[in-house]
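Residue numbers (our numbering), protein chains in the order written: chain A, 1 to 239; chain B, 240 to 513.
Glycine residues also receive a C-beta, built at the ideal position from the N, C-alpha and C atoms.
For clarity, every value in this text was computed on a predicted model and none was experimentally measured.
Read through the structure below, which is laid out as structure tokens, and then see the notes.
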């Protein structure tokens, strides 16, 4: 067990954000958290890394667990000159193996000398993912990592995540809005709305009434999207 | 050598410039310019209190700017109108400071010296305090450099690697209070913020990494202090404002320079591609 959360309650002032959340993450697992805006997804992440106080319950992290955190954005002001290479060097407990992995994620060496403020959304996501791999993490935590990417872009991104899991064996905990893409890649999906509405294998969650009521009529279309293949091209077939 | 007031003034100016420049980079990156300005304004209250009760103005200034900065840091996250709060607290202290000074007889004439600095009257003790402040600020910045950078980029990212962003930003606040306190003699509470942000802003367009920016900003700050002192000697102008004028001039030059560099590199790129 890498992360074990029991009956977690978090409140901002009087407003309850998380109620009785219980959740575990084991080695090699991919767990995805879905939920509407304001459902406490990011708060749950903050509670895990310890950046906000918890009201009651417990968050137990395995000793010496290395977390690779992939945030949504960097607050990089244009006044801050920072190359990708220098950014990667900021990582704590980095090692050569991690740097190799980060380089693989970046795909091109040209990116290393680029200024972070000039990157496109897709490039920035790769850089952030690369940074998270610098210390060879046991757990990767991704907070809506594909925000700003188009559908093929996010599909490619999740494929990468899958590859990382296979080659490094790290567990993955992610928050996502791209239900269709995400679900195919996850072992377990957790539907969060202040409390955990339902959880389980992707297919069973998608079929559950809690999930349908939360994501409305769009779900059917989404699920269909999830089921059909995107590994062939339509070129020249005149659909 | 230290008996010459010009030498003392030059060393004081260089000391403040060197402390302000790297710290100023963080002020610029974290968009804390207004925070710095308010902290500096608040320092005047510390100055007037120390004049009233006759203790070191360094201590008074450090104490009040730290107090002000701590209160604001505490309010951060709890209040949505931080900007307004800063404006209220900074100017309240400035105004109170001015009023307090008016009760002390004979000090009124001296007031200008604390507002725009009086570098030519720097004593050996002042000089020692400035350089002690410089060493503390530099040690703080070097020691916390990577941590501060990471916290600037993303607080959750920093927390997940075991840092405490609140503590880091407090370290920055302490550094800021020290720079304000040592800068009062040199450029005064009204102009100290310019020693923080102008050299950093000038360096920005010419560098590619944060370290180079801090180094170049220090160089520019130092140059401004020396040239400004010279200019004030030659043209018989107030020294603090002269230093800031030189810094601003360098800023404008680097702005023009970076424009041409950009144009030039665009032309080269086009040639390569065609």
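{"query": "DSSP-derived helix/strand/coil call for residue 56 of chain A", "result": "strand"}
{"query": "Segment contact flag, the region 120-131 of chain A with the region 416-429 of chain B, C-beta cutoff 8 Å, min 3 pairs", "result": "no"}
{"query": "Among B:301, B:368, B:266, nearest to residue 280 of chain B - alpha-carbon criterion", "result": "B:301"}
{"query": "Neighbour flag for residue 541 of chain B against chain A, beta carbons, 8 Å", "result": "A query on residue 541 of chain B cannot be resolved here, the shown segment of chain B reaching from 240 to 513 and no further."}
{"query": "Proximal residues of chain A, C-beta to C-beta of residue 512 of chain B below 7 Å", "result": "None at all; the shortest Cβ gap to chain A is about 15 Å."}
{"query": "Pairwise C-alpha distance: residue 76 of chain A and residue 135 of chain A", "result": "22 Å"}
{"query": "Inter-residue spacing [alpha-carbon to alpha-carbon] between residue 249 of chain B and residue 376 of chain B", "result": "19 Å"}
{"query": "Contact with chain A by residue 452 of chain B, beta-carbon distance below 8 Å", "result": "yes"}
{"query": "Contact belief for residue 165 of chain A with residue 67 of chain A at Cβ below 8 Å, rounded distance in angstroms", "result": "15 Å between Cβ atoms; not a contact."}
{"query": "Top-ranked residue by Cα proximity to residue 28 of chain A, from A:57, A:171, A:190, A:191", "result": "A:171"}
{"query": "Residue 217 of chain A in three-state terms, based on DSSP", "result": "Only weak support is given to the placement of residue 217 of chain A: the predicted model assigns it a pLDDT of 46, under 50, and the value that follows is read from those uncertain coordinates. Of the three classes helix, strand and coil, the one that applies to residue 217 of chain A here is coil, per DSSP."}
{"query": "Bounding residues of the alpha helix (DSSP H) (the contiguous stretch that carries residue 263 of chain A)", "result": "Residue coverage of chain A in this structure runs from 1 to 239, which leaves residue 263 of chain A outside it and unanswerable."}
{"query": "Partners in chain B for residue 196 of chain A, counting only beta-carbon separations shorter than 9 Å", "result": "Under the 9 Å cutoff, chain B gives no residues; its nearest Cβ is about 22 Å from residue 196 of chain A."}
{"query": "Residues near residue 217 of chain A by beta carbon distance below 7 Å, same chain, minus five either side", "result": "Caution applies to residue 217 of chain A, whose pLDDT of 46 falls short of 50 and renders its modelled position unreliable; the value that the coordinates give is listed next. So no residue of the chain qualifies."}
{"query": "Buried or exposed (CB count within 10 angstroms, at least 16 for buried), residue 380 of chain B", "result": "buried"}
{"query": "Separation of residue 82 of chain A from residue 259 of chain B, as counted between CA atoms", "result": "21 Å"}
{"query": "Extent of the continuous alpha helix (DSSP H) run through residue 286 of chain B", "result": "272-292"}
{"query": "Best match in A:167, A:117, A:5, A:72 for proximity to residue 177 of chain A [C-alpha to C-alpha]", "result": "A:72"}
{"query": "Delimiting residues of the beta strand (DSSP E) encompassing residue 151 of chain A", "result": "Here residue 151 of chain A belongs to no beta strand (DSSP E); instead the alpha helix (DSSP H) covers 151-168."}
{"query": "Alpha helix (DSSP H) runs wholly inside the region 73-143 of chain A, at least 4 long, in chain order", "result": "84-89, 96-106, 121-133"}
{"query": "CB of residue 62 of chain A within 8 Å of CB of residue 1 of chain A, strictly", "result": "yes"}
{"query": "Within-8 Å CB hit, residue 12 of chain A to chain B", "result": "no"}
{"query": "Contacts around residue 243 of chain B, its chain only, beta-carbon distance under 6 Å, and the 5 residues preceding and following it disregarded", "result": "none"}
{"query": "Any chain A beta carbon closer than 8 Å to residue 407 of chain B", "result": "no"}
{"query": "Ordered list of alpha helix (DSSP H) runs contained in the region 355-433 of chain B, each at least 4 residues", "result": "363-392, 394-399, 404-422"}
{"query": "7 Å Cβ cut-off: residues of chain B touching residue 77 of chain A", "result": "268, 270"}
{"query": "Spatial distance of residue 293 of chain B from residue 283 of chain B (CA atoms)", "result": "15 Å"}
{"query": "Close beta carbons around residue 386 of chain B, own chain, < 6 Å, minus the five adjacent residues each side", "result": "402, 407"}
{"query": "Chain B within 8 Å of residue 158 of chain A, Cβ atoms only", "result": "no"}
{"query": "Chain A within 8 Å of residue 357 of chain B, Cβ atoms only", "result": "no"}
{"query": "From A:65, A:25, A:70, A:8, residue whose alpha carbon lies closest to that of residue 40 of chain A", "result": "A:8"}
{"query": "Span separating the alpha-carbon of residue 354 of chain B from that of residue 454 of chain B", "result": "28 Å"}
{"query": "Cβ distance (whole Å) where residue 299 of chain B is taken to contact residue 415 of chain B below 8 Å", "result": "The Cβ separation is near 16 Å, so there is no contact."}
{"query": "First through last residue of the beta strand (DSSP E) which encompasses residue 301 of chain B", "result": "Note, residue 301 of chain B: premise wrong, no beta strand (DSSP E); alpha helix (DSSP H) at 296-314."}
{"query": "Residue 22 of chain A: first and last residue of the uninterrupted beta strand (DSSP E) it sits in", "result": "15-25"}
{"query": "Chain A within 8 Å of residue 435 of chain B, Cβ atoms only", "result": "no"}
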